[in-house]
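For reference, the structure discussed in these notes is given below.
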Amino acid sequence: MADDRLELQASTTAWQIAMQEILRMVVRDLYQSHGEVAFTAHIKRLEEGAVDSIYSDLRLRGTNEWTETLVKEKATNIVTNLLTSFTFEQSDPRPRTA
């Protein structure tokens, strides 16, 4: 049983890291070109929109109110931690070589 729990925890952590890295690259590529102020504003808008969506649209069928509240709180914490971990990185204006 302990091995199953450790495997589940490792899988969950791996999934979170993979999603964070994919999102970091997507967000960077989409919003970096307009400068740090615009980048920060976009990140804040994404965070607020995601949290609002979690609380207003998330419905967990077959669960009780306590479970749904707990999942919403955890999802909100993940969104906030993920998006606040993004930092503005000035792009290198030099062309990339193959």
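For the sequence shown, our numbering gives the first residue as 64, with consecutive numbering after it.
Here a beta-carbon is modelled for each residue, glycine too, at the ideal position from N, C-alpha and C.
Length of the line joining the Cα atoms of residue i and residue j
i      : j      : result
Leu109 : Ala138 : 14 angstroms
Gln95  : Arg124 : 38 angstroms
Glu128 : Ala65  : 28 angstroms
Asp92  : Asp67  : 38 angstroms
Ser74  : Ile80  : 10 angstroms
Simplified DSSP state of residue i, which is helix, strand or coil
i      : result
Asn144 : helix
Leu109 : helix
Arg122 : coil
Phe149 : coil
Cβ neighbours of residue i in the same chain (closer than 8 angstroms, five flanking residues each side left out)
i      : result
Leu121 : Glu131, Val134, Lys135, Ala138
Ile106 : Val90, Tyr94, Leu146, Thr147, Phe149
Thr103 : Phe151
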